[in-house]
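Take a look at the structure set out below.
Residue numbers (this note's numbering): 1 to 644.
What follows is the structure, encoded as C-alpha cells:
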C-alpha cells in the first residue's frame, strides 16, 4: 500500500505542470526576441508538460517496486525544479509592484535577459526530463492485485456489543415495510466501526428466520453495472442461473421468481463514485418487480452517500463508536477464541484494559489487537504491544490494511491534502483556515481549481468537507455560522495519513532514517538532531518545529514554502528569511518571544499568510510590509493603547 500511495501522490505534482506552467513558459518564450541558447532551451522546456502526458498515463499501471519508486522520485524532483525556476522568475515581477520606474529599470532588463546561471538551471531541468523519459521505458506494468482485498468477515467478533444496533435496524425494517414496496436504510460510520459486520449479522439472522423469500448480499465492486448486480441477486435464487449474461433474460427470470415475494438486498461498501448509479438502480427495482416487496440495506463510510440514498428514500443509521469497556470485551472474546481460556491474571487484565483505550471505539481495531494479544500471552509481550504506538508496528499495519479503502477511494488531489495532515501531532485540534493555507502554500489547490471563479480557499474548504464526510476528519467544532473551525483525526486515521505520506513526511525523532524524498518535516525535540541533512533541506517544503531549528538548516537551503515555528530566534529568522524569499508562502511565528520582525520579511513577495499571534514581546512591524503584494491572511493580537 505504501508504494501505491506514493505513486498517487506524485502524479498530481506532475499534473501541476500541465495546469500552471504551460502558460508562464509560453509567455517567457514570447518575451525573448533573441534566438540564442536561452530561447532554444525555454522552447524545449515549454514542450515538457505535454510530453509528460504519456508518462503520466503509465504511472498508475506501474509495478510497485524500488525501481519504480526511485524513478517516480526523480520525476517529482524534476517537476519541482521547474516549479522553483518559475517561482524565481515570478519573484522579480512581484517585487516591482508598487515601486517607481527608476528603481526597477535595471531589474526589468534582467527579466528579459536572464543570467547565465538561469540558463544553466534550465538546461539541467531539460536534461533531467530527457533522462526520465528514457528511464521510463524500463518500468514494468503492475501485476493484477484485485484479489488482495482484506477479508473483513474474518473478524466475526466485530459485531459483538452491537446487539442494540441489530435490534434497532431489524425493527426499522419491519416498521418500514408495510405500505411501502421499497424501503430500507443506510448504515453509515467511519472506517473500522463495524458496518460490514453489523450488516453481516442482519444478513445471517434474516436467512435463518425465513422472514424474507430472498436475502442477497451484493458487495460493490469497481466496475459497477446493473447486469452484474441483477446477476448476483439471481445467483441467490438459482445457482444454476448464475452464468446468465443477458440483462433482459436475467430480469425476466427474476420477475418470475420474485412475484408476490418479500426480499432483502444488502449492498456492502458503497462509495461516492457509485452513489448515483446505485440510487438509480435501487429506484428501478419496484418498476422491474411490480409485485415484490423490497427492503434494502447499504453500508458506507461516506455521509454524502447516505444523504444521496435519503432521496430514495432510505433512512440513515449512523453507527457510533464503542466504549472502552466494549472494546475490551471484543478483545477478550478474540483472545478466548484463539487461546481457549479466559484472561484472569490481574496484570494482563490491566494491560489489556489500557490497550482497549487505544482502540478509539473501533471494533476492527479491538479485533486486531485481540488477535495479536491472543498469539502472545505474557506480561512482557502485552506491554510491548501496548507501548509500541508506531504506525509501522505489525498490529498497526494490519489495522491500516483494512482502513486504507477509505483512502483508496479519494481523488488523487485530495489524497495529497489528506496525507499532508500527518504533519500535525496526534490528538491536536487542527484549525480549518490554517490547514487550507498550508495546502495553498504547497500548491495543492491551484491545479485542482476547475471552477475558474473559485478562490483557492473555497477549494480547500470543499476538500475539508469531503474529508469530514468520509470520516477522515472528525470531532468537528463549528462557529456560530455553521462553518468548521476545528477538526481532529482519529489516531488510526492519523497512522493511515503517516503511512500514505511515508516517503514525504517525517516526524523527528523517529527510529527510521530521514530520506531525501522528504518534503514535510515536524521537529518535536532536539534529541540527536544536530543538523538537517543537506539532501533533505534542499527540497524541504514544509517545516513545523516546537524548538528553535533554523540554525540547524544548511545555509544553502531555500526551498521552504511553509514555515511554522513555536520558538523563533530573531537573529536566525533574520538570516534565514533572506534566502527563503523566492518560495515562502506561509510564515507562522506565533507564541515566540521575538521583539521585532526582521526587515527581510518585507521581501517575501510570494507570502500569502503571516501569523504572529501570542507574540507578547513584539513591539512593531517593519516598514515596507505593504510590499507583500500576495498577502491574503494576516493574524495578530490587537493591543489596546498601542500606537504601532
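Heads up, the beta-carbon is just placed ideally off N, CA and C, and yes, glycines get one too.
Asked, Found
"For residue 515, three-class secondary structure by DSSP", "coil"
"Rounded straight-line distance, which links the Cα of residue 521 to that of residue 577", "18 Å"
"Neighbourhood of residue 632 by C-beta, 6 Å cutoff - its chain only, sequence neighbours within 5 removed", "608"
"Beta carbon of residue 477 nearer than 7 Å to that of residue 486", "yes"
"Buried versus exposed call for residue 280 [16 or more other C-beta atoms within 10 Å across all chains shown]", "exposed"
"Buried or exposed (CB count within 10 angstroms, at least 16 for buried), residue 102", "The pLDDT assigned to residue 102 is 43, lower than 50, so where the model puts this residue is not dependable; a value taken from the coordinates is nonetheless given after this. Burial call: exposed."
"Which residues DSSP lists as bridging residue 548, in chain order", "None; residue 548 has no bridge partner."
"Contacting residues, own chain, Cβ-Cβ under 8 Å from residue 645 (five flanking each side not counted)", "There is simply no residue 645 to check, as the chain begins at 1 and stops at 644 in what is shown."
"C-alpha gap between residue 383 and residue 367, whole angstroms", "18 Å"
"As assigned by DSSP and simplified to three states, the class of residue 634", "strand"
"Cutoff 6 Å; reference residue 314; Cβ partners in own chain excluding five residues on either side", "184, 185 and 186"
"Opposing strand residues paired with residue 294 [DSSP bridges]", "182 and 263"
"Distance CB(residue 542)-CB(residue 562) smaller than 7 Å", "yes"
"Segment contact flag, the segment 220-236 with the segment 245-253, C-beta cutoff 8 Å, min 3 pairs", "yes"
"Reduced DSSP category for residue 526 - H, G, I as helix; E, B as strand; rest coil", "coil"
"Buried/exposed call for residue 638, threshold 16 Cβ in 10 Å", "exposed"
"First through last residue of the alpha helix (DSSP H) which encompasses residue 328", "324-339"
"Selected residue, minimal CA-CA separation from residue 214, among 175, 166, 190 and 293", "293"
"For residue 488, the residue or residues it bridges with in DSSP", "474"
"C-alpha distance - residue 629 paired with residue 613, whole-angstrom precision", "21 Å"
"Residue 627 versus residue 605: straight-line alpha-carbon distance, rounded", "7 Å"
"Alpha-carbon to alpha-carbon, residue 598 and residue 146", "Any answer about residue 146 is weak, because its pLDDT of 41 lies below 50 and its placement is not dependable; what the coordinates show is given next. Looking at the two C-alpha atoms, the distance is approximately 56 Å."
"Touching by the beta-carbon criterion (3+ pairs, under 8 Å), the segment 331-340 and the segment 291-306", "no"
"Inter-stretch contact (C-beta, 8 Å, three-pair minimum) for the segment 363-380 and the segment 188-206", "yes"
"Own chain residues within Cβ distance below 8 Å of residue 351, not counting five before or after", "379, 382, 383 and 386"
"Straight-line gap, residue 122 to residue 37 (C-alpha atoms, nearest Å)", "10 Å"
"Whole-Å CB distance - residue 687 paired with residue 514, under 8 Å assumed", "What the structure shows of the chain is the stretch from 1 to 644, and residue 687 is not part of that stretch, so it cannot be assessed."
"Of the listed residues 440, 245, 267 and 172, nearest to residue 197 (C-alpha basis)", "267"
"Where residue 81 sits in the DSSP three-state scheme", "helix"
"Among 482, 469, 470 and 441, the one whose alpha carbon lies nearest that of residue 456", "441"
"Residues that residue 343 bridges to, as DSSP identifies them", "Looking at the DSSP assignment, residue 343 forms no beta bridge with any residue, so it has no partner."
"Outcome for residue 344 when other beta-carbon atoms lying within 10 angstroms are tallied against a minimum of 16", "exposed"
"Start-to-end residues for the beta strand (DSSP E) that takes in residue 395", "It is not in any beta strand (DSSP E) - residue 395 instead sits in the alpha helix (DSSP H) that spans 394-408."
"Cα-Cα separation, residue 370 to residue 348", "13 Å"
"Stretch-stretch touch, CB-based, cutoff 8 Å, three pairs: the segment 253-265 with the segment 206-213", "yes"
"Buried versus exposed, by CB contacts within 10 Å (16 or more), residue 402", "buried"
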